[in-house]
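Letter by letter, the sequence shown follows residues 1 to 641 of UniProt numbering.
Glycine is no exception: its CB is placed at the ideal position from the N, C-alpha and C atoms.
Every value quoted in this text rests on a predicted model; they were computed, and no experiment measured them.
One structure is given here, and the rest of the page talks about it.
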Amino acid sequence: MNYGFVKVAAAVPHVKVADCKFNVERIESLIAVAEGKGVQIIIFPEMSITGYTCGDLFGQQLLLEEAEMGVMQILNNTRQLDIISIVGMPIVVNSTVINGAVVIQKGKVLGIAAKTYLPNYKEFYEQRWFTSALQLTTENVRLCGQIVPIGANLLFETSDTTFGIEVCEDLWSTIPPSSSLALQGAEILFNMSADNEGIGKHNYLCSLISQQSARCIAGYVFSSCGFGESTTDVVFAGNGLIYENGSLLACSERFSMKEQLIISEIDVERIRAERRINTTFAANQANSGDKKAVSIATEFVNSKELTLTRSFNPHPFVPQGKELNEHCEDVFSIQVAGLAQRLVHTGAKTAVIGISGGLDSTLALLVCVKTFDKLGLSRKGILGITMPGFGTTDRTYHNAIDLMKSLGISIREISIKDACIQHFKDIEHDINVHDVTYENSQARERTQILMDIANQTWGMVVGTGDLSELALGWATYNGDHMSMYGVNASVPKTLVKYLVQWVAENGVDENSKATLLDIVDTPISPELIPADENGDIQQKTEDLVGPYELHDFFLYYFLRFGFRPAKIYYLANIAFKGSYNEETIKKWLFIFFRRFFNQQFKRSCLPDGPKVGSISISPRGDWRMPSDASSAMWLKEIENL
């Protein structure tokens with residue numbers, strides 16, 4: 001099972017200008033290598049049969065005929081191969097020559113994509129030799145003894161995907177042909193190019209492809225000329241690039257003197273999910289005009305079991321590299337802006353927040369501090385309430401106190417022990433029975449204290465629960481589940497840690513920094529069960545509900561793209577290889593889906609809170625699900641893995 005992935009390749013062969021025999025041999029060699037690696041569709045550079053820099057030789061009958069003979073040779077020698085190959089050559093159509101991309105498979109020419117926009121400025125003189133697809137007077141042409149469709153509006157359909165092709169300059173036009181092809185169903189766009197190098201041009205090229213693949217919500221595979229093209233006036237770097245919805249999957253080595261095969265897998269299911277979600281795409285389809293594509297059906301007859309070469313970030317909510325700092329700053333700023341607006345709108349005099357010494361309440365407190373600073377308010381208007389209970393440890397207690405002191409907010413300490421003991425007596429619950437009643441009573445007592453103090457001080461209770469907890473329902477209904485504004489509501493647990501660390505490194509004094517870094521290293525726990533004999537945390541959340549990094553991974557692919565459990569399981573085994581075995585991943589995947597469905601009732605009445613990323617579970621916005629929906633299909637699929 002390929003889970004919606006299509007393996008593609010951008011080839012950068014060594015060419016000899018006007019030596020069709022040599023070029024065909026190199027093309028055939030790379031096709032054979034690609035077939036052996038399981039590639040389903042491969043594209044070569046513009047004019048790869050002849051070389052792009054032939055100049056006026058494109059008017060020579062011998063070159064034109066040898067190019068066709070070269071394609072005939074490729075057809076004969078790849079007759080037994082399943083791979084679809086796209087090669088470039090000059091195509092004679094009546095009395096004109098077209099710059100064409102020839103699509104071949106199993107000895108047949110499936111179609112010819114014709115170049116629409118011919119550059120005729122600066123170093124380019126294509127209108128000297130070629131005719132635009134816009135001037136074609138026929139929809140079919142004879143090539144290698146076959147009558148085949150030709151045009152700029154061809155769609156090639158398989159059971160796995162639908163793809164379209166444009167040629168070089170087409171991408172640089174105001175409305176590229178690929179835009180129309182995408183709107184009419186193309187999920188992968190191919191571009192054969194002869195893009196010469198210049199200062200700053202490569203970055204512009206990458207930006208252009210990234211934007212087009214994102215705008216079209218598509219995969220984009222780009223192959224440009226490399227070593228062997230004439231350097232009389234320009235140089236070609238051999239750019240091979242594969243993008244998926246704006247993200248780079250694979251790229252070639254620039255200016256290499258060796259042939260290259262750039263391979264990756266386009267996730268067509270992901271593209272389809274994005275298009276389903278993006279209703280603007282559908283509206284654009286309905287308004288795309290009368291230019292209809294011509295569909296050409298083909299099939300991968302002998303498709304091999306696909307092996308992925310691309311990698312997957314095990315922490316999809318956490319950007320890698322230099323983007324992390326920018327991401328943290330954006331998220332934190334959104335949280336601050338959301339809370340600031342709510343405080344101004346309500347006229348609240350104070351922000352009331354329960355401080356446990358854990359990650360979530362720490363992040364919420366940091367947001368409050370930054371918000372009060374932004375509004376020019378005294379930090380003393382932030383009422384930090386620490387409420388020790390039966391499971392509070394010295395480590396979290398002292399971290400809570402130390403952080404509140406160093407940040408300069410108002411501090412109150414209210415033990416919940418006596419109130420809970422009285423409550424247990426009132427409801428006749430044995431204090432030695434540490435069950436859900438024992439735990440939830442403490443959470444609700446804390447929430448009651450916060451709400452009442454907010455009433456006393458004309459304040460607002462700032463919620464601390466994060467996206468991961470709310471997805472799993474790891475919150476006490478009408479306890480920590482409830483607040484007046486939840487600043488962490490769409491921040492996943494895996495990101496909370498990095499946000500706290502980012503603030504520690506960038507926005508606080510040394511005393512606060514030391515405390516924050518210790519909080520980052522503290523095991524995640526609600527601390528509702530008494531500590532062990534050494535005074536350490538006994539109730540560790542991830543031992544009970546599973547590793548948050550796994551749940552965040554499941555959550556991302558389930559909500560962001562609507563993937564089924566089998567595919568999420570497949571991706572998780574790749575992303576967490578060496579960290580978790582298959583059985584462990586399956587176990588927690590089952591628990592994730594079971595909890596996600598049966599805890600929806602808690603999410604159906606969530607407080608307001610700002611959306612910070614691509615995923616939110618607000619019942620008023622991103623996620624509207626009935627509380628009594630059945631999880632049977634999802635759990636059954638996991639059981640059968």
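ask   = What first and last residue would you give for the alpha helix (DSSP H) that runs through V496?
value = Unbroken alpha helix (DSSP H) run through V496: 493–506.
F554 vs P314 beta-carbon contact at 7 angstroms = Against a cut-off of 7 angstroms, the Cβ pair of P314 and F554 comes out as no contact.
inquiry  = Going by the DSSP bridge assignment, what does K108 pair with across the sheet?
reply    = The beta-bridge partner set that DSSP reports for K108 consists of Q105.
key: Cβ neighbour criterion (16 or more within 10 Å) applied to I74   = With 16 or more other Cβ atoms within 10 Å, it is buried.
request  = Pick out whichever of D394, T53, A419 has its Cα sitting closest to the Cα of C225.
outcome  = Of the candidates D394, T53, A419, T53 places its Cα closest to the Cα of C225.
request  = Tell me whether D267 sits in a helix, a strand or coil according to DSSP, three-state version.
outcome  = Three-state result, D267: strand.
inquiry  = Which runs of the alpha helix (DSSP H) at least 4 residues long sit entirely within the segment 375–435? Give them in chain order.
reply    = Correct list: 394–407, 417–427.
message = Three or more C-beta pairs under 8 angstroms: does that hold for the segment 410–418 against the segment 359–368?
response = The segment 410–418, when compared against the segment 359–368, does not touch it at the 8 angstroms Cβ threshold.
key: Whole-Å CB distance - N245 paired with I217, under 8 angstroms assumed   = The beta-carbon separation of N245 and I217, rounded to 6 angstroms, stays under the 8 angstroms limit for a contact.
task = Check the DSSP bridge columns for A9 and list the partner residues they point to.
result = A9 pairs with I42, I263.
With 16 other Cβ atoms within 10 Å as the buried cut-off, status of I165 = Note on I165: 16 or more other CB atoms within 10 angstroms of its CB, so buried under the neighbour-count rule.
ask   = Tell me which same chain residues have a C-beta within less than 7 angstroms of the C-beta of P565, skipping the five on either side of it?
value = Counting only residues of its own chain and dropping the five nearest sequence neighbours on each side, P565 has a CB closer than 7 angstroms to the CB of L589, F593, W634, E637, I638.
task = Classify H398 as buried or exposed, calling it buried when 16 or more other Cβ atoms lie within 10 Å of its own Cβ.
result = Its Cβ having fewer than 16 others within 10 Å, H398 is exposed.
task = Evaluate contact between the segment 381–396 and the segment 488–507, counting only Cβ atoms and requiring at least three cross-stretch pairs below 8 angstroms.
result = No, the segment 381–396 is not in contact with the segment 488–507.
ask   = If you draw a straight line from the C-alpha of V8 to the C-alpha of F332, how long is it?
value = Going by the C-alpha atoms only, they are around 38 angstroms apart.
query = Just how far apart, CA to CA, sit P619 and M404?
reply = Taking C-alpha positions only, P619 is separated from M404 by approximately 33 angstroms.
query = So P149 packs on G111, CB below 8 angstroms; how close in whole Å?
reply = About 5 angstroms separates the two Cβ atoms, so the contact holds.
task = Answer with buried or exposed for F601, where buried requires no fewer than 16 other C-beta atoms within 10 angstroms of its C-beta.
result = Using a 10 angstroms sphere on the CB of F601, the tally of other CB atoms stays under 16, which defines it as exposed.
key: Helix, strand or coil at L136 [DSSP, three-state]   = In the three-state DSSP reduction, L136 falls in the coil class, being neither helix nor strand.
query = Between the Cα of S356 and the Cα atoms of L377, T392, T346, which residue gives the shortest distance?
reply = Among L377, T392, T346, the Cα nearest to that of S356 belongs to T392.
query = Is the number of C-beta pairs between the segment 271–290 and the segment 6–26 that are closer than 8 angstroms three or more?
reply = Judged by Cβ distances under 8 angstroms, the segment 271–290 makes no contact with the segment 6–26, as fewer than three pairs qualify.
query = Taking just the CA atoms, how far does F561 sit from T309?
reply = About 21 angstroms.
request  = Identify, in the order they occur along the chain, each residue of the same chain with its Cβ nearer than 6 angstroms to the Cβ of E445, setting aside the five sequence neighbours on each side.
outcome  = Excluding the 5 residues flanking it on each side, E445 has same chain C-beta neighbours closer than 6 angstroms at I416, A419, C420, in chain order.
Identified DSSP bridge partners for A114 = Paired residue(s): G100.
ask   = Leaving out the 5 sequence neighbours to the left and right, which residues in its chain are closer than 6 angstroms to V268 when beta-carbon positions are compared?
value = Result list for V268: G4, V6, T161, E187, in chain order.
request  = Please determine, among R270, Y498, S468, M47, the residue with the shortest C-alpha to C-alpha distance to R603.
outcome  = Closest by alpha carbon: S468.
query = So Q146 is in the beta strand (DSSP E); what residue range does that whole segment cover?
reply = Looking at the DSSP string, the run of the beta strand (DSSP E) that includes Q146 is 146–151.
query = If we count Cβ pairs, one from each stretch, closer than 8 angstroms, do we get three or more for the segment 77–86 versus the segment 36–47?
reply = Yes: at least three Cβ pairs fall under 8 angstroms.
Three-state secondary structure (DSSP) of L308 = DSSP places L308 in the coil class of the three-state scheme, outside both helix and strand.
key: Identified DSSP bridge partners for F156   = Looking at the DSSP assignment, F156 forms a beta bridge with F163, I296.
CA nearest to the CA of V141, picked from V109, A489, V221 = Closest option to V141, Cα to Cα, is V109.
query = Do the segment 456–463 and the segment 476–484 meet, that is, are 3 or more Cβ pairs less than 8 angstroms apart?
reply = Short answer: they touch.
query = For the alpha helix (DSSP H) that contains M72, what are its first and last residues?
reply = Counting along the chain, M72 sits inside the alpha helix (DSSP H) bounded by residues 61–77.
ask   = For F372, which residues from the same chain have a beta carbon less than 8 angstroms from its beta carbon, with the 5 sequence-adjacent residues on both sides left out?
value = So the qualifying residues of the chain are A351, S378, R379, G381, I382.
Simplified DSSP state of I84, which is helix, strand or coil = If DSSP states are grouped into helix, strand and coil, I84 belongs with the strands.
ask   = Which class does E123 belong to by DSSP, given the choice of helix, strand or coil?
value = When DSSP states are grouped into helix, strand and coil, E123 belongs to the coil group.
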